[in-house]
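Colleague:
2 protein chains.
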Amino acid sequence: MAKLTSRSDDYSKWYNELVVKADLAENSGVRGCMVIKPYGYAIWEKMRDEMDKKFKETGHVNAYFPLFVPKSLFEAEEKNAEGFAKECAVVTHYRLKNDPDNPGKLIVDPEAKLEEELIVRPTSEAIIWSTYKNWIQSYRDLPILINQWANVVRWEMRTRLFLRTAEFLWQEGHTAHATKDEAVEEAEKMNKVYADFAENFMAMPVIQGLKTPSERFAGADETYCIEALMQDGKALQAGTSHFLGQNFAKAFDVKFTNKEGKIEHAWATSWGTSTRLMGALIMTHSDDLGLVLPPTLAPIQVVIVPIFKGDEQLAEISKVALEIQAKLKAKGISVKFDNDTHNKPGWKFAEYELKGVPVRIAMGPRDLENKSVEIARRDNLTKETVSIEGLDSHIENLLKTIQTDLYQKALNFRKENITNVDSYEEFKKVLEEKGGFIYAHWDGTAEEEEQIKNETKATIRCIPLDEDVEEGISLISGKPSARRVLFAKAY
Amino acid sequence: MAKLTSRSDDYSKWYNELVVKADLAENSGVRGCMVIKPYGYAIWEKMRDEMDKKFKETGHVNAYFPLFVPKSLFEAEEKNAEGFAKECAVVTHYRLKNDPDNPGKLIVDPEAKLEEELIVRPTSEAIIWSTYKNWIQSYRDLPILINQWANVVRWEMRTRLFLRTAEFLWQEGHTAHATKDEAVEEAEKMNKVYADFAENFMAMPVIQGLKTPSERFAGADETYCIEALMQDGKALQAGTSHFLGQNFAKAFDVKFTNKEGKIEHAWATSWGTSTRLMGALIMTHSDDLGLVLPPTLAPIQVVIVPIFKGDEQLAEISKVALEIQAKLKAKGISVKFDNDTHNKPGWKFAEYELKGVPVRIAMGPRDLENKSVEIARRDNLTKETVSIEGLDSHIENLLKTIQTDLYQKALNFRKENITNVDSYEEFKKVLEEKGGFIYAHWDGTAEEEEQIKNETKATIRCIPLDEDVEEGISLISGKPSARRVLFAKAY
Numbered sequence: 012m013a014k015l016t017s018r019s020d021d022y023s024k025w026y027n028e029l030v031v032k033a034d035l036a037e038n039s040g041v042r043g044c045m046v047i048k049p050y051g052y053a054i055w056e057k058m059r060d061e062m063d064k065k066f067k068e069t070g071h072v073n074a075y076f077p078l079f080v081p082k083s084l085f086e087a088e089e090k091n092a093e094g095f096a097k098e099c100a101v102v103t104h105y106r107l108k109n110d111p112d113n114p115g116k117l118i119v120d121p122e123a124k125l126e127e128e129l130i131v132r133p134t135s136e137a138i139i140w141s142t143y144k145n146w147i148q149s150y151r152d153l154p155i156l157i158n159q160w161a162n163v164v165r166w167e168m169r170t171r172l173f174l175r176t177a178e179f180l181w182q183e184g185h186t187a188h189a190t191k192d193e194a195v196e197e198a199e200k201m202n203k204v205y206a207d208f209a210e211n212f213m214a215m216p217v218i219q220g221l222k223t224p225s226e227r228f229a230g231a232d233e234t235y236c237i238e239a240l241m242q243d244g245k246a247l248q249a250g251t252s253h254f255l256g257q258n259f260a261k262a263f264d265v266k267f268t269n270k271e272g273k274i275e276h277a278w279a280t281s282w283g284t285s286t287r288l289m290g291a292l293i294m295t296h297s298d299d300l301g302l303v304l305p306p307t308l309a310p311i312q313v314v315i316v317p318i319f320k321g322d323e324q325l326a327e328i329s330k331v332a333l334e335i336q337a338k339l340k341a342k343g344i345s346v347k348f349d350n351d352t353h354n355k356p357g358w359k360f361a362e363y364e365l366k367g368v369p370v371r372i373a374m375g376p377r378d379l380e381n382k383s384v385e386i387a388r389r390d391n392l393t394k395e396t397v398s399i400e401g402l403d404s405h406i407e408n409l410l411k412t413i414q415t416d417l418y419q420k421a422l423n424f425r426k427e428n429i430t431n432v433d434s435y436e437e438f439k440k441v442l443e444e445k446g447g448f449i450y451a452h453w454d455g456t457a458e459e460e461e462q463i464k465n466e467t468k469a470t471i472r473c474i475p476l477d478e479d480v481e482e483g484i485s486l487i488s489g490k491p492s493a494r495r496v497l498f499a500k501a502y
Numbered sequence: 012m013a014k015l016t017s018r019s020d021d022y023s024k025w026y027n028e029l030v031v032k033a034d035l036a037e038n039s040g041v042r043g044c045m046v047i048k049p050y051g052y053a054i055w056e057k058m059r060d061e062m063d064k065k066f067k068e069t070g071h072v073n074a075y076f077p078l079f080v081p082k083s084l085f086e087a088e089e090k091n092a093e094g095f096a097k098e099c100a101v102v103t104h105y106r107l108k109n110d111p112d113n114p115g116k117l118i119v120d121p122e123a124k125l126e127e128e129l130i131v132r133p134t135s136e137a138i139i140w141s142t143y144k145n146w147i148q149s150y151r152d153l154p155i156l157i158n159q160w161a162n163v164v165r166w167e168m169r170t171r172l173f174l175r176t177a178e179f180l181w182q183e184g185h186t187a188h189a190t191k192d193e194a195v196e197e198a199e200k201m202n203k204v205y206a207d208f209a210e211n212f213m214a215m216p217v218i219q220g221l222k223t224p225s226e227r228f229a230g231a232d233e234t235y236c237i238e239a240l241m242q243d244g245k246a247l248q249a250g251t252s253h254f255l256g257q258n259f260a261k262a263f264d265v266k267f268t269n270k271e272g273k274i275e276h277a278w279a280t281s282w283g284t285s286t287r288l289m290g291a292l293i294m295t296h297s298d299d300l301g302l303v304l305p306p307t308l309a310p311i312q313v314v315i316v317p318i319f320k321g322d323e324q325l326a327e328i329s330k331v332a333l334e335i336q337a338k339l340k341a342k343g344i345s346v347k348f349d350n351d352t353h354n355k356p357g358w359k360f361a362e363y364e365l366k367g368v369p370v371r372i373a374m375g376p377r378d379l380e381n382k383s384v385e386i387a388r389r390d391n392l393t394k395e396t397v398s399i400e401g402l403d404s405h406i407e408n409l410l411k412t413i414q415t416d417l418y419q420k421a422l423n424f425r426k427e428n429i430t431n432v433d434s435y436e437e438f439k440k441v442l443e444e445k446g447g448f449i450y451a452h453w454d455g456t457a458e459e460e461e462q463i464k465n466e467t468k469a470t471i472r473c474i475p476l477d478e479d480v481e482e483g484i485s486l487i488s489g490k491p492s493a494r495r496v497l498f499a500k501a502y
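Structure below.
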């Protein structure tokens, strides 16, 4: 197996190679669409299940809405339509027919043209709010707290596996509320749920904040987000939660009678995370040997590799290995005993390093004699010899330690790569020489934001929600600024 | 709440009303596409989770393939294309633009026409086998045992909620094997997995069999199926498993080197079940009061309804109700305590009957005095008074009993509605007067099958796989027949 390109040689190439070589995903025969391979999908399933649990714990239920949005519905909320119409898949016909000129070939049947074109959903606010219209009459029908797991399509021109694909998998929450306060609270709550998931499950520190008006979701009054820092110093938006005001309720005429008997438009939120998180996961933890996975997300948490010559040794090692496997499984730890005789131990070591298996147990005849095994951590590549007695508890604790260490390592990296700057010159210098997150002052105008973006490619990732407020003078205009905002180049 | 139309008055209307009134699904603004509402989706989630567990237990893994199939890939397997091209959604453009003549309106941008049209997948053999081509080189790459949970689109002209919709949710297994025997075994195994799921989880008896050549999946060499009998005497195909031979391997040039070093085409299966199972579930168990759910699939297994006057009584009842709820939850039973003060107990009783909650506990002040509650079973509408002491174990057992009873009831219904007939005249008479499954002899030709279908609308549901073989003379041609086959009118 050829080695991965190293991160320092070509970060982008390293990422692309790793996604394919670790069997996570690959490009398909359909432009911009990926195939998520079983190993990658198993990780996504763990993300999905954990998020789904958190959504249900916070009172949400799942439902399913149509894949297609009729053009007229799509048009109803103008900003949303404007934001998504430029990159969407349009269904215009509902039948193919045999090509009379080319036997065995099919052509679009011109007689099967749809009266109204259908858009493959790029996001579901339009189709969902046109449905909510029939569900909401009274304040007693509110709140509606629905989430959907679905595929969506955005016709991106430049695509990259997981990070930006024409089709991707995601969840989209769509809630309706009787009051503005309640909707704002929901949007904030779900952004916190995302932050909690990212930090405690993905071991990926994030900064919670608000988008500037120009970076908001098309149709939102306010967009909350979580922003993570990748190893190459670029930011990745890992989840967004939108307070949609009454925009969609007005566009789709969703009104209800409130407690006081008055008729009002409902208040809305939507919030989403996607398979993009897979990209974030990879770029937060992995190294030049391959994937590094936090134990929470590893399809295989522990692999046992026997070191043996001949069937007899394998049989002896297997006996002990299977006992260890059983004990670990009893503790809810997923274990693979790789007794394949085709591949050598060295090959297996490299393979499981590539796949990011958090803990490797190696066992040879000598280990058996000593009643011990060799344990290797994938995250920091350290090895230790551990007694077989009590091994299950040792590994249980080790997995927790790895989870914590991964988070701490990523947090340290972020700390080292956040710079406070106070002049535009310094800003450009840091951005070019170091990258990472930059905290700087901004005058609050779209003009300054735009100029910085055009001149440096850095955008305002968010206006952080933390309490760390410090007044200053904006980078270019020199106007007063109430607090620093977070800049970075971004995926 | 207006009563449901009764099954005897208008079965079809009863079904449509029930689906909507029990909050399972509704028609959307998109022709033929449904909205699966939270209550319906919660049931589907339980089906999905159980099937997913069974697939994993039988060695399968999940993956995800693109929504779109380029037209040229779709054409590659001729029969498959022929079978699905006539009812598919075709994406021809990738952008909308502002309509210069109508401000606020969008039109398809003629400059954004795709070079090659994309079909929204009606089934994924083509896209998946074009991918497997790159995954399969040696017998060591086989078998591939993949399942996908996805949405698919078939442009059906006449649609009905769950039973036949333009878009539906399903799972599709796609496996590749080194030998014919192994592929046949897989197709048979998965059909059995479906039968096991239907009978033991949905409490729905099914007959396992083979489709006749004219009823096979387009592109299959053999189609296995499970057939269930609905309460109106019509059959419903609840799952299919296909042995695809080497058809897709040949169409997509998927070859491998076998153990002997020879190059061969791979062998394939595919197998699927869909949200159609929701329709089967409803029509197997429900009655004129509403939904009847087997406990395994009920989002709420037990509802506690307090009977009270005034806050004080409610508070006293609540105390005991919450204790009962906690004990039931500890046993893994899902319980809702409906302490809503807006709706009367009678309204609640009707509501939970409509929703099919298997067990209702009613508690008033008198019950509290007697340290007992009233328990009502949804399936047979019987009531009993039960001591609060030991109630949790009582209910745990009761849920098991209900599950078994529902299966037995459906099995009895099927037994009563299977008729052996030996003449075409009798066949037509039974079909008209009684309906149900008919076991009759068939000469094995497409002609006789076609004639019977044209004249009676009954189709051969399957050639059963059971051992109950009895020779005879076919219905119309009078030719010898090795065994009876299963006829019925079908959904």
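So the protein sequences, as listed, match chains A and B.
The first sequence begins at 12 in this note's numbering and counts up one residue at a time.
The second sequence begins at 12 in this note's numbering and counts up one residue at a time.
Glycine residues also receive a C-beta, built at the ideal position from the N, C-alpha and C atoms.
Just so we're clear, the structure is a prediction, and the values are computed from it rather than from any experiment.
#1: Taking the beta strand (DSSP E) that B:P154 falls in, what are its first and last residues?
#2: So, using beta-carbon positions, are A:N428 and A:L247 closer together than 8 Å?
#3: With three or more beta-carbon pairs closer than 8 Å as the criterion, would you say the segment 486–494 of chain A touches the segment 448–461 of chain A?
#4: Do B:V101 and B:A137 come within 8 Å of each other at the CB atom, strictly closer than that value?
#5: In this structure, does DSSP put B:A319 in helix, strand or coil?
#6: Quick check on the DSSP output: the alpha helix (DSSP H) that includes A:T415 runs from which residue to which?
#7: Under three-state DSSP, which class holds A:E385?
#8: Using the Cα positions of A:L156 and A:H253, report the straight-line distance between them to the nearest angstrom.
#9: Out of A:D264, A:E89 and A:K338, which one is the CA nearest neighbour of A:T142?
#10: Quick check on the DSSP output: the alpha helix (DSSP H) that includes A:Q462 runs from which residue to which?
#11: Just the chain A side, please: which residues come within less than 7 Å of B:P49 by C-beta, in chain order?
#12: Hey, is A:R106's beta-carbon within less than 8 Å of any beta-carbon in chain B?
#13: Which bits of chain B does A:C44 rub up against, with CB to CB less than 8 Å?
#14: Looking at the unbroken alpha helix (DSSP H) that takes in B:Y435, where does it start and where does it end?
#15: Give the residues from the segment 155–179 of chain A that approach chain B closer than 8 Å (Cβ to any Cβ), ordered along the chain.
#16: List the DSSP bridge partners of A:I274.
#17: Pull up the CB-CB distance for A:P369 and A:P306, whole angstroms please, since I reckon it's below 8 Å.
#18: What three-state label does DSSP hand A:Y205 in the structure shown?
#19: With DSSP as the reference, label A:A249 as helix, strand or coil.
#20: Could you tell me the boundaries of the alpha helix (DSSP H) in which A:T142 lies?
#21: Is B:A13 a contact residue of the ligand ATP, with contact defined as CB to any heavy atom under 7 Å?
#22: Starting from B:T142, find everything on chain A with Cβ-Cβ shorter than 9 Å and list it in chain order.
#23: According to DSSP, what are the bridge partners of A:Y450?
#24: Rank B:T69, B:F173 and B:K347 by C-alpha distance to the C-alpha of B:M294 and give the top, closest one.
#25: Three or more C-beta pairs closer than 8 Å, one from the segment 197–204 of chain B and one from the segment 74–89 of chain B: is that the case here?
#26: Nearest to A:Y50 by CA position, among A:H353, A:G367 and A:N391, is which residue?
#27: Expressed to the nearest angstrom, what Euclidean distance is found between the alpha-carbon atoms of A:G40 and B:N145?
#28: Just to confirm my understanding: we take B:A74, look at its own chain, exclude 5 residues before and 5 after, and list those with CB closer than 7 Å. What are they?
#29: So with CB distances below 7 Å, who are the chain B contacts of A:V314?
#30: By a C-beta neighbour count over all protein chains shown, 10 Å radius and 16 as the cutoff for buried, is B:R377 buried or exposed?
#31: Would you report the Cα separation of B:D232 and B:D477, rounded to the nearest angstrom?
#32: Mind pulling the chain A residues with CB within less than 8 Å of B:E86?
#33: Specify, as a first and last residue, the run of the beta strand (DSSP E) that B:R42 falls within.
#34: So which residues on chain B does A:Y52 lean against when the C-beta distance must stay under 8 Å?
#35: Compute the distance between the beta-carbons of B:V119 and A:E128, then report whether it is under 8 Å.
#36: Going by C-alpha distance, which of A:A361, A:V316, A:F424 and A:I449 is nearest A:K32?
Modeller: Taking the coordinates as given:
#1: B:P154 -> no beta strand (DSSP E), and no H or E assigned at all.
#2: no
#3: yes
#4: no
#5: Reading off the sequence, residue 319 of chain B comes out as Phe, not Ala. Reduced to three states, the DSSP call for B:F319 is coil.
#6: L402 to E427
#7: strand
#8: 14 Å
#9: A:D264
#10: A457 to T467
#11: V72, N73, A74 and I157
#12: yes
#13: P77, L78 and F79
#14: Y435 to E444
#15: I157, A161, N162, V164, W166 and E178
#16: A:T268
#17: 5 Å
#18: helix
#19: strand
#20: E136 to W146
#21: The ligand ATP is absent from the structure shown, which contains no ligand whatsoever.
#22: E37, S39, G40 and V46
#23: A:N431 and A:L497
#24: B:F173
#25: no
#26: A:G367
#27: 11 Å
#28: I157 and Q159
#29: What A:V314 touches in chain B: nothing, since even the nearest Cβ is about 17 Å away.
#30: exposed
#31: 20 Å
#32: G115, K116 and L117
#33: Taken as a continuous stretch (DSSP letters only), B:R42 belongs to no beta strand (DSSP E), as it is neither H nor E.
#34: V72, N73, A74 and Y75
#35: yes
#36: A:A361
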